[in-house]
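Novice:
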Amino acid sequence: MRVGLFIPCYIDQFYPGVGIATLQLLEKQGVDVVYPSRQTCCGQPMANSGFAHKTGGCDELFVRNFHEFDYIVGPSGSCVLHIKEHLHVAGQEDKAADIRNKVYELTEFLTDVLKVETLSAHFPHKVGLHQSCHGQRGLKLAGMTELMSPPFSKPEQLLKMVSGLELISLNRKDECCGFGGTFCVTEEAVSAKMGKDRVQDHLLNGATVITAADMSCLMHMEGILRRQQSTVQVKHIAEILNGETA
Amino acid sequence: MTNTAYQSHAERATIFNEDEARVNWHDETLWWVRQKRDRAAHLIPEWESLRELASGIKDNVLSNLHDYLVSFEEQAIQNGVQVHWAADAAEHNAIVLSIVKRHGVNRMVKSKSMLTEECHLNAFLSEQGIEVIDTDLGERIVQLAEEPPSHIVLPCIHKKKEEIGDLFHEHLGTPAGNADPQFLTAAARLHLREKFLTRRVAITGVNFAVAETGEFVVCTNEGNADMGAHLADVHIACMGMEKIIPQRRHLGVFLRLLTRSATGQPITTYSSHFRKPRPGQELHIILVDNGRSRQLGRPDFRNSLKCIRCAACFNTCPVYRRSGGHSYHTAIAGPIGSILAPNLDMKEYADLPFASTLCGSCSNVCPVKIDIHDQLYKWRQVLVQEGHAPLVKKVAMAGMAFTLSLPSLYKIAGKAARWTLSHAPFAVNNKLNPWYKNREMPQVPASSFGEWYAKNRTKNK
């Protein structure tokens with residue numbers, strides 16, 4: 104099984120540790136992982152701003168970089184969802200469709216494809232899990248409080264395999280953190296308020312670490328935590344599942 | 012209602028957020044309603060199939076709207092109802108005026124109707140010297156405050172009870188400082204009773220209109236639609252033409268969903284069926300298009316017309332809860348309003364589809380399964396293509412698209428951004444950067460992942 108490692112642009116530039124943890128975590132599972140070095144961005148920032156017609160360059164690059172792999176795995180529900188829903192390239196539609204079907208977010212790849220049942224990670228902290236919306240409601244990584252259906256959560260399933268980790272419960276299980284891509288600057292007041300409220304829920308319930316399957320939500324919440332001079336840390340779920348390394 | 016200069020959702024939301032305690036109160040009040048909705052829905056084991064059924068019935072309605080409307084009209088006329096067709100808001104308002112004038116009346120009562128808000132009926136009639144008293148308690152409160160409703164089900168949800176006490180003191184003569192909800196409600200009841208007894212014309216909205224029988228159903232919790240309609244000589248029911256359902260038995264689906272989704276009640280206190288005028292009474296129905304045909308012709312947006320106006324999407328929306336209904340500067344606020352309004356005026360409402368994080372909660376609570384968040388995304392594309400994007404954004408997006416299409420340029424740009432953040436943080440950490448107002452910038456790593464990979468993995472291709 105050859106897996107193409109899809110590292111979103113902002114993770115590449117600002118959170119290389121998340122990329123490294125993702126790579127190591129997959130390697131530990133015996134997967135042959137390759138990072139195509141000419142990748143940039145999935146195009147979501149433009150598309151969500153109404154400029155989907157400007158993502159042609161990104162779309163073509165993505166197909167060129169990833170079409171040959173058996174699976175494509177990325178540590179971001181949001182970027183993976185964008186590819187799944189919106190990757191189209193004129194003249195290469197068969198390749199684009201194939202990619203849309205074989206691109207996976209990291210935690211669902213671990214639970215659904217690799218069927219991971221145990222992990223060697225140890226993380227003795229009180230952890231709050233932020234259910235990022237695009238992963239949860241878009242990729243259906245977890246049950247949603249709006250729907251009348253039995254609860255489940257793929258990220259939670261994995262976190263429960265980590266020794267020493269105590270998962271705290273939240274007052275609002277799946278409220279958006281307010282990052283929202285360019286929303287975080289175009290609607291700064293509401294975005295920041297949503298972030299503050301989300302962070303507060305974790306703090307009230309005793310989290311010392313906030314985790315998620317999307318670094319963008321965590322980047323937003325980290326910005327607020329650091330402004331508040333809080334000692335609470337954010338960690339991408341890959342970093343926890345991979346153990347305290349990198 | 013004063014005409015203020017244009018302010019975008021973001022600008023209005025910024026003002027709303029100046030009082031953080033109030034934002035918290037607004038958010039928690041509406042979250043409480045959302046939780047009530049969850050509890051009510053959990054008591055219905057077939058909730059999700061009920062939503063699917065309602066969605067299917069509404070799809071059928073939209074695909075056969077012409078036939079159902081014609082059938083409804085035929086049945087209604089047979090029932091002795093006078094049916095009017097209005098192409099737009101102006102025609103709707105003119106029809107109401109002509110009926111009122113014919114009866115030589117200059118004052119009337121009106122129960123809740125978002126359609127008349129959409130058509131700005133009150134302002135129009137007021138200019139013609141005709142007084143309209145809103146009889147829904149929440150609507151009467153915002154009317155006294157000279158404000159539009161901020162929520163389609165809970166019109167004065169943005170007002171605290173003390174503010175309502177002050178308003179009633181000023182307008183209804185209640186004792187200063189009395190903010191007891193029960194007392195204020197009793198005062199409103201007395202005040203409205205006099206209006207019901209003396210007004211000869213009553214307007215109501217329509218929640219559902221049944222094509223097979225020509226009857227319509229109005230749902231209220233206060234019975235004010237009934238009080239108005241039963242005491243008046245003339246009853247005018249105003250409805251958007253998408254309110255049609257095929258058969259009476261379909262009410263069993265929609266009435267079960269509507270109020271559970273709206274407020275978490277099993278059903279509204281009053282679900283009143285109107286079929287024919289009582290002897291001596293005139294009953295008018297105005298069927299209004301006002302852009303609905305245009306929306307029906309937009310394949311990506313037509314199913315927004317399935318909306319039954321429950322406002323569940325408002326209550327669940329984390330942006331609505333923290334920006335308030337008035338930030339949407341349109342009669343129907345919230346996520347559904349943000350996909351309906353651009354159909355009415357793209358330029359005026361170009362900001363609304365961007366007032367969302369696309370979290371998707373709205374689509375999940377919608378009782379008729381409108382893909383609201385997908386339509387917000389699609390409206391963004393349409394609005395940009397139609398030229399409604401700010402120049403700054405156009406330039407930024409073009410630059411971003413160019414950089415991200417070229418891996419080598421992307422690497423240089425990334426490196427430059429990281430260098431700036433670590434060596435010249437003042438270039439970013441300043442007032443010109445909206446991110447920095449309430450958040451720190453990410454810390455700069457020693458290298459990018461790409462650089463680390465090139466150094467640490469030999470099988471790099």
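Protein chains in written order, with our numbering: chain A, 104 to 349; chain B, 12 to 472.
Virtual Cβ for every residue (Gly too), placed ideally from N, Cα, C.
When you compare the CB of MET251 of chain A with every CB in chain B, is at least one pair closer than 8 Å?
Specialist: Answer yes: the Cβ-Cβ gap between MET251 of chain A and chain B drops below 8 Å somewhere.
Novice: List the residues of chain B that CYS236 of chain A touches, going by C-beta distances under 8 Å, in chain order.
Specialist: Result: THR368, LEU369, CYS370, GLY371 and SER372.
Novice: Contact criterion: CB-CB distance below 8 Å. Does GLY461 of chain B meet it with respect to chain A?
Specialist: Closer than 8 Å: yes.
Novice: Determine the extent of the alpha helix (DSSP H) in which THR368 of chain B is found, giving its start and end residues.
Specialist: Counting along the chain, THR368 of chain B falls outside any alpha helix (DSSP H), and DSSP gives it neither H nor E.
Novice: Say whether chain B places a C-beta atom closer than 8 Å to the C-beta of THR348 of chain A.
Specialist: Because THR348 of chain A carries a pLDDT of 46, less than 50, the predicted location of this residue cannot be relied on, and the following value inherits that uncertainty. Judged by the 8 Å Cβ criterion, THR348 of chain A is not in contact with chain B.
Novice: Give the single residue among B:GLY184, B:LYS121, B:ASN133 and B:ASP49 whose Cα lies nearest to the Cα of MET247 of chain A.
Specialist: For the residues B:GLY184, B:LYS121, B:ASN133 and B:ASP49, the minimum Cα distance to MET247 of chain A belongs to B:ASP49.
Novice: With a cut-off of 8 Å, does the C-beta of ARG320 of chain B fall near any C-beta of chain A?
Specialist: Chain A, which has no Cβ nearer than 8 Å to the Cβ of ARG320 of chain B, makes this no.
Novice: May I ask you to report which of helix, strand or coil DSSP gives THR285 of chain A?
Specialist: Coil, per DSSP.
Novice: Identify which residue in A:ASP115, A:LYS187 and A:ALA199 has its Cα closest to the Cα of SER319 of chain A.
Specialist: For SER319 of chain A, the nearest C-alpha among the options comes from A:ASP115.
Novice: Could you have a look at CYS280 of chain A and say whether DSSP puts it in helix, strand or coil?
Specialist: Three-state DSSP puts CYS280 of chain A in coil, outside helix and strand.
Novice: So which of A:PRO227, A:CYS236, A:PHE165 and A:ALA193 has the shortest CA-CA distance to LYS205 of chain A?
Specialist: For the residues A:PRO227, A:CYS236, A:PHE165 and A:ALA193, the minimum Cα distance to LYS205 of chain A belongs to A:PHE165.
Novice: What are the residues that DSSP puts in a beta bridge with CYS249 of chain B?
Specialist: In the DSSP output, where bridge partners are listed per residue, CYS249 of chain B has B:ILE297.
Novice: Quick one: Cα of ARG203 of chain A to Cα of TYR339 of chain B, how far?
Specialist: Taking the straight line from one Cα to the other gives about 35 Å.
Novice: For chain A, check one thing: does any of its Cβ atoms lie closer than 8 Å to the Cβ of PRO445 of chain B?
Specialist: Yes, because at least one Cβ of chain A sits closer than 8 Å to the Cβ of PRO445 of chain B.
Novice: Between VAL217 of chain B and ALA243 of chain B, is the Cβ-Cβ spacing less than 8 Å?
Specialist: Result no, Cβ atoms of VAL217 of chain B and ALA243 of chain B do not sit closer than 8 Å.
Novice: At which residues does the alpha helix (DSSP H) containing VAL94 of chain B begin and terminate?
Specialist: Unbroken run through VAL94 of chain B is the beta strand (DSSP E), 93-97; no alpha helix (DSSP H).
Novice: Using the beta-carbon count (16 or more within 10 Å), is ALA51 of chain B buried or exposed?
Specialist: Classification for ALA51 of chain B: buried.
Novice: Where do the ends of the beta strand (DSSP E) carrying ARG118 of chain B lie?
Specialist: Looking at the DSSP string, the run of the beta strand (DSSP E) that includes ARG118 of chain B is 118-121.
Novice: Give the secondary structure of GLN336 of chain A by DSSP, where H, G and I count as helix, E and B as strand, and everything else as coil.
Specialist: Reduced to three states, the DSSP call for GLN336 of chain A is strand.
Novice: Can you find a C-beta in chain A that's less than 8 Å from the C-beta of ALA354 of chain B?
Specialist: For the sequence presented, residue 354 of chain B should be read as Asn rather than Ala. Closer than 8 Å: no.
Novice: Taking 8 Å as the CB-CB limit, is GLY160 of chain A close to chain B?
Specialist: Closer than 8 Å: yes.
Novice: Is it true that the segment 224-240 of chain A meets the segment 254-267 of chain A, where meeting means three or more beta-carbon pairs spaced less than 8 Å apart?
Specialist: Judged by Cβ distances under 8 Å, the segment 224-240 of chain A makes contact with the segment 254-267 of chain A, as three or more pairs qualify.
Novice: Give the DSSP-derived three-state secondary structure of ASN68 of chain B in the structure shown.
Specialist: Reading off the sequence shown, one finds Ile at residue 68 of chain B, where the question assumed Asn. DSSP places ILE68 of chain B in helix when its eight states are reduced to three.
Novice: Counting contacts by CB-CB distance shorter than 8 Å, is LEU195 of chain B in contact with chain A?
Specialist: Not an interface residue.
Novice: Kindly indicate the opening and closing residues of the beta strand (DSSP E) around ILE313 of chain A.
Specialist: Per DSSP, ILE313 of chain A belongs to the beta strand (DSSP E) from 312-315.
Novice: At a Cβ cut of 7 Å, what residues of the segment 48-61 of chain B count as close to chain A, listed as they run along the chain?
Specialist: Hits within the stretch, in order: ASP49, ALA52, HIS53, TRP58 and GLU59.
Novice: By how many angstroms is the C-alpha of LEU195 of chain B removed from the C-alpha of ILE497 of chain B?
Specialist: Any question about residue 497 of chain B goes unanswered here, given that chain B covers just 12 to 472.
Novice: Residue range of the beta strand (DSSP E) that THR231 of chain B falls in?
Specialist: Residues 227-231.
Novice: Going straight from the alpha carbon of THR146 of chain B to that of LYS206 of chain B, what length do you get?
Specialist: Each residue's Cα considered, the two are about 9 Å apart.
Novice: In whole angstroms, what is the alpha-carbon distance linking GLY153 of chain A and GLU397 of chain B?
Specialist: Straight-line Cα distance between these residues: approximately 11 Å.
Novice: Does the beta carbon of CYS287 of chain A sit closer than 8 Å to a beta carbon anywhere in chain B?
Specialist: Closer than 8 Å: yes.
Novice: Determine the chain A residues that contact ARG333 of chain B at a beta-carbon separation under 7 Å, and present them in chain order.
Specialist: Within chain A, the residues near ARG333 of chain B are VAL293, LYS296 and MET297.
Novice: In the segment 162-181 of chain A, which residues sit with their C-beta less than 7 Å from some C-beta in chain B, listed in chain order?
Specialist: Result list: LEU164.
Novice: Under a three-way DSSP split, which group does PHE265 of chain B fall into?
Specialist: Helix at PHE265 of chain B.
Novice: Classify ALA213 of chain B as helix, strand or coil using the three-state DSSP reduction.
Specialist: Three-state result, ALA213 of chain B: strand.
Novice: Could you tell me which residues DSSP puts in a beta bridge with THR229 of chain A?
Specialist: According to the sequence provided, residue 229 of chain A is Lys. The question's Thr does not apply to it. According to DSSP, which records beta bridges pairwise, LYS229 of chain A is partnered with A:GLU269.
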